[in-house]
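Under this note's numbering, think of the first position of the sequence shown as 1426, with each following residue one higher.
Glycine included, every Cβ here is placed at the ideal spot set by N, Cα and C.
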Amino acid sequence: MAMKQSFRSAEERKIFMSMSDDERRNQRKPLTTAKIKGLKAATASDRARYLENEALGQEELWTAFEGGYLTGWEDRGVGRLVTPIWPHKEFVDCFAAFQSNDVTAVPIPITDWVDIVTPDLLDEHRLVALFPIDGEDVMLVEPVDLVNEWEESWKRYLKYQYKFGDKATHKAFGFDQE
């Protein structure tokens, strides 16, 4: 799975990491209506791939909270609660429009997703819905499988960047030892 290049240099990454979450979000271009329609029409696997690229590139994903707790639904096929995640706030807002008034879009940094949310999802035996669109098929995955897959994608991306990009930035990851 190809990862988009997030930074051209170590300096760009340093600037990006020094920004607040709100400053980083404000740097992004808003989604166009055509882009939203295209993503809504995409297959579940294409949306999952897009979610991965965006979440890893932005270093955050979006989910929904209701009354201070992760929201979701029960999948009757497997009898487990499902927690949805999206690449952009606009899609959480679409989900919230069909839910109660108390649903709030919440961005979660990838590190918090891995270190805080994933263990809670495992404790509650939840599944993760990748970029659900109302009325469309959705991919459901185990939280740990999602983290493992994204970690492998991130490593491939960093190796690619090391091979073709700024070698000094990736020395800390040990890719200069290979």
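Straight-line gap, residue i to residue j (C-alpha atoms, nearest Å)
| i | j | result |
| --- | --- | --- |
| R1433 | D1500 | Below a pLDDT of 50, predicted positions are generally treated as unreliable, and R1433, at 47, falls in that range; the measurement from the model is reported next regardless. Cα to Cα, the separation comes out at about 42 angstroms. |
| E1484 | V1563 | 22 angstroms |
| A1480 | G1493 | 22 angstroms |
| E1574 | V1542 | 16 angstroms |
| A1530 | C1519 | 10 angstroms |
| V1539 | L1571 | 10 angstroms |
| L1486 | I1533 | 5 angstroms |
| I1510 | S1470 | 14 angstroms |
| T1468 | E1477 | 14 angstroms |
| V1566 | L1555 | 8 angstroms |
| L1464 | K1454 | 16 angstroms |
| I1558 | F1516 | 8 angstroms |
| S1431 | K1580 | For S1431, the predicted structure reports a pLDDT of 44, less than 50, and the residue's modelled location is therefore unreliable. The matter cannot be settled from this model. |
| E1448 | L1456 | 17 angstroms |
| I1548 | N1526 | Checking the sequence shown, residue 1548 turns out to be Asp, not Ile. Their backbone Cα atoms lie some 28 angstroms apart in a straight line. |
| Q1524 | A1459 | 24 angstroms |
| G1502 | G1560 | 16 angstroms |
Residue from the options whose Cα sits closest to the Cα of residue i
| i | options | result |
| --- | --- | --- |
| G1497 | I1541, H1550, Q1483 | H1550 |
| S1578 | T1508, L1552, G1482, L1506 | G1482 |
| V1553 | P1544, I1461, T1508 | T1508 |
| K1514 | S1443, I1461, S1445, E1576 | I1461 |
Integer Cβ distance of residue i from residue j, believed to fall under 8 angstroms
| i | j | result |
| --- | --- | --- |
| P1568 | L1546 | 4 angstroms |
For residue i, the first and last residue of its enclosing alpha helix (DSSP H)
| i | result |
| --- | --- |
| R1505 | No alpha helix (DSSP H) contains R1505, which is instead part of the beta strand (DSSP E) from 1505-1510. |
| A1459 | 1458-1466 |
Enclosing beta strand (DSSP E) for residue i [first to last residue]
| i | result |
| --- | --- |
| V1528 | 1528-1534 |
| D1500 | 1498-1500 |
Residue j beta carbon less than 9 angstroms from that of residue i
| i | j | result |
| --- | --- | --- |
| A1489 | A1522 | no |
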